[in-house]
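Undergrad: Residue numbers (UniProt numbering): 1 to 108.
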């Protein structure tokens, strides 16, 4: 799924964060392509969907076996801040602490 312009854009990157729709097709193939190009892949499980939960489950299983890191949006957001000393940490923390709707997207 990684066409040449995309690969050119990420060629100097060590890590890529993936989220979106069709985890069993688009996200899976993109993850595999990036991993093949020695790029670390982090898949946001609560930001990635498929038509069925079964498709999601097996896509995540394949990605994990291939070497992708399965993570959550909260982990990604806090990781990007790189610590509580970030000037926006408290502002972001307030957003995270707000109750989110139950989506069952973290069920694997």
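C-beta atoms are modelled at their ideal positions from N, C-alpha and C, and glycine is treated no differently.
(1) So what does DSSP say about residue 39, is it helix, strand or coil?
(2) I'd like to know whether the C-beta atoms of residue 78 and residue 43 end up nearer to each other than 7 angstroms.
(3) May I have the straight-line CA-CA distance separating residue 90 from residue 11, to the nearest angstrom?
(4) Is the beta carbon of residue 67 sitting closer than 7 angstroms to the one on residue 35?
(5) Using three-state DSSP, classify residue 79 as helix, strand or coil.
(6) Could you tell me the alpha carbon to alpha carbon distance between residue 38 and residue 14, rounded to whole angstroms?
(7) Could you tell me which residues DSSP pairs with residue 48 in its beta bridges?
(8) Would you list the one or two residues that DSSP bridges to residue 70?
TA: This is what the structure holds:
(1) coil
(2) no
(3) 33 angstroms
(4) yes
(5) helix
(6) CA-CA distance, residue 38 to residue 14, rounds to 8 angstroms.
(7) Note: residue 48 sits in a beta bridge opposite 20.
(8) 43
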